[in-house]
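K.L.:
For reference, the structure I am asking about is given below.
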Amino acid sequence: MELKPLNTLALNCAATHYIEVDTCAALSHALRFFSTEKVTPIVLGDGSNIVLRSSNVAGCLKVSSRGVKLLSESAGNVILEVAAGENWNNLVDSCLAAGYHGLENLALIPGTVGAAPVQNIGAYGVELSEFVDQIKFRNLHSGERETFNAADCEFAYRESIFKNRLRDATVIEAVRLRLSKKPIINCRYEALAKATAHIDTPTPKDIRDAVVKMRRSKLPDPQRIANAGSFFKNPVVDVELVDSLLTEYKEMVNYPTSDPLKRKLAAAWLIEQCGWKGRFEGQFGMHEHQALVLVNKGGSSGKMLLEFADGVRNSVFEKFSIWLDIEPRIY
Ligand code: FAD
Ligand code: NAP
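Under the working numbering, think of the first position of the sequence shown as 9, with each following residue one higher.
See the structure below:
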């Protein structure tokens with residue numbers, strides 16, 4: 009099976025064994041098949057956060073299950089169980105329409121619900137982890153069912169146990185979310201505060217609309233230009249390094265973190281300072297409106313894309329002594 013149409017960076021890669029599942033029974037069957045073949049498949053959602061470096065992989069398991077169930081309702085909250093193959097942005101919009109709040113800042117993030125906990129998706133000052141009640145998953149090798157409470161998931165900034173300790177070991181089947189029946193308005197993120205400043209009392213829909221408008225104005229649509237969103241993580245570095253860099257680069261964007269000894273830098277700013285914003289080498293380049301987004305204008309090789317990315321990383325390291333980590337998962 010050719011995976012090029014199934015990854016938003018549009019990289020060429022063929023899977024020897026490819027199975028798409030949309031029910032629990034089909035998932036059980038697929039897991040038995042891969043186990044018998046001794047293949048650990050790539051678990052695939054919408055392919056918006058992966059880099060396919062290899063031109064061939066042994067197996068790929070695409071999760072396409074659908075369904076949203078209202079499990080419980082109290083005066084203030086609801087608990088929804090959402091199948092892993094549901095589209096994330098459709099869920100955000102349908103929750104808003106139903107009066108279930110919290111997810112508005114996470115509007116328009118591409119991908120599936122099942123992938124969302126893997127990197128604890130976040131945007132505009134909100135992270136998925138704030139709303140996770142439980143994650144239901146299978147052991148990728150034994151097929152056994154397990155349930156984690158939010159506290160078991162080791163959620164952190166764009167991280168979770170599924171991306172680290174349990175990497176290549178789980179298939180998330182469903183995500184249980186605890187949402188509020190009362191509006192939650194979070195405009196602390198500077199760009200969002202500015203975008204809603206003209207509204208006296210913003211509603212959840214105002215927040216969702218402002219986020220969608222900002223994202224559409226800045227981010228390339230993967231349907232039109234291949235990309236995987238932010239290609240590098242924002243580095244979190246020691247305060248001493250930040251202070252020493254600030255003596256030379258007074259405008260350097262930096263933010264506090266929960267650790268007073270560390271600060272977060274904007275990788276996009278570092279990349280732009282190295283002259284990469286809007287710059288291409290061959291088919292690969294950093295986007296003209298958002299320097300953190302690596303775009304592919306027709307390349308097909310994941311290896312070549314990663315060579316380009318290393319060029320960007322090397323420049324940043326030479327100028328700032330900071331090595332950028334790649335955010336999407338590389339296969
Ligand atoms: P995939 O790319 O298919 O998979 C990503 C990883 O999750 C892989 O390791 C895969 O094995 C694993 N995975 C997928 N499904 C499952 C499952 N059911 N069980 C177990 N593991 C699974 N991310 C943000 O956090 N914030 C943003 O604002 C944001 N904006 C983006 C904007 C653009 C234009 C793009 C292209 C990407 C953006 N992303 C953002 C990254 C991406 O959308 C998210 O990481 C998203 O959750 C990936 O979903 P997916 O279904 O495409 O996952
Ligand atoms: P932006 O507003 O131009 O800001 C640049 C960077 O500064 C962001 O990465 C953000 O960090 C950080 N930042 C800005 N204001 C902040 C604050 N008040 N406190 C802490 N950090 C702050 O960013 P953008 O590119 O337009 O993206 C907007 C949001 O969408 C961001 O949250 C970003 O993470 C998210 N996004 C993510 C992806 C992805 O693939 N992961 C792709 C596109 C957009 P954070 O990234 O930590 O928020």
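Each residue gets a CB set at the ideal place from its N, CA and C atoms; glycine is no exception.
May I ask you to verify whether the region 172–189 touches the region 118–128, counting CB pairs closer than 8 Å and requiring at least 3?
P.N.:
Contact annotation: the region 172–189 touches the region 118–128, with at least three C-beta pairs closer than 8 Å.
K.L.:
Just curious, the beta strand (DSSP E) that residue 80 is in, first and last residue?
P.N.:
In the DSSP annotation of this structure, the continuous segment of the beta strand (DSSP E) that includes residue 80 starts and ends at 76–81.
K.L.:
Given a cut-off of 7 Å on the beta-carbon distance, is the pair residue 115 and residue 179 in contact?
P.N.:
no
K.L.:
Helix, strand or coil for residue 60? Go by DSSP, reduced to three states.
P.N.:
coil
K.L.:
What whole-angstrom Cβ distance do residue 25 and residue 92 have, given they're in contact under 8 Å?
P.N.:
Residue 25 to residue 92, Cβ: 20 Å. No contact.
K.L.:
Between the alpha carbons of residue 176 and residue 167, how many angstroms are there, rounded?
P.N.:
15 Å
K.L.:
Is the distance from the Cβ of residue 141 to the Cβ of residue 192 below 7 Å?
P.N.:
no
K.L.:
From the DSSP output, in three-state form, read off residue 136 for me.
P.N.:
helix
K.L.:
I'd like the list of long-range same chain contacts for residue 196, defined as Cβ closer than 8 Å, with 5 residues on each side in sequence excluded.
P.N.:
133
K.L.:
Tell me the rounded alpha-carbon separation between residue 112 and residue 44.
P.N.:
43 Å
K.L.:
In the DSSP assignment, the alpha helix (DSSP H) including residue 275 goes from what residue to what residue?
P.N.:
Counting along the chain, the alpha helix (DSSP H) containing residue 275 begins and ends at 275–281.
K.L.:
For residue 264, name the three-state secondary structure that DSSP assigns.
P.N.:
strand
K.L.:
Taking buried to mean at least 16 other C-beta atoms within 10 Å of its own C-beta, is residue 356 buried or exposed?
P.N.:
The question about residue 356 has no answer, for the chain in this structure spans 9 to 339.
K.L.:
Does any heavy atom of the ligand NAP sit closer than 6 Å to the C-beta of residue 237?
P.N.:
yes
K.L.:
Could you name each continuous alpha helix (DSSP H) segment of 4 residues or more that falls completely within the region 72–123, going from the start of the chain to the end?
P.N.:
Qualifying alpha helix (DSSP H) stretches, in chain order: 96–106.
K.L.:
Tell me whether residue 70 is buried or exposed, calling it buried when 16 or more other Cβ atoms sit within 10 Å of its Cβ.
P.N.:
buried
K.L.:
At a cut-off of 6 Å, would you count residue 242 as near the ligand MG, judging by its Cβ distance to the nearest heavy atom?
P.N.:
As presented, the structure is devoid of the ligand MG, carrying the ligand FAD and the ligand NAP as its sole ligands.
K.L.:
Residue 171 and residue 126: beta carbons closer than 7 Å?
P.N.:
Residue 171 is a Cβ neighbour of residue 126, given a cutoff of 7 Å.
K.L.:
Hey, could you find the ends of the beta strand (DSSP E) residue 15 is sitting in?
P.N.:
Run containing residue 15: none; DSSP gives neither H nor E here.
K.L.:
Cα-Cα, which of 143, 174 and 147 is closest to residue 159?
P.N.:
143
K.L.:
Tell me, to the nearest whole angstrom, how far the beta carbon of residue 285 is from that of residue 296; I am working on the premise that it is less than 8 Å.
P.N.:
7 Å
K.L.:
How many Å lie between residue 289 and residue 262 at the Cα?
P.N.:
Each residue's Cα considered, the two are about 29 Å apart.
K.L.:
Would you say the beta carbon of residue 298 comes nearer than 6 Å to a heavy atom of the ligand NAP?
P.N.:
yes
K.L.:
Quick one: Cα of residue 194 to Cα of residue 84, how far?
P.N.:
18 Å
K.L.:
According to DSSP, is residue 195 part of a helix, a strand, or is it coil?
P.N.:
coil
K.L.:
Quick one, are the C-beta atoms of residue 110 and residue 188 less than 7 Å apart?
P.N.:
yes
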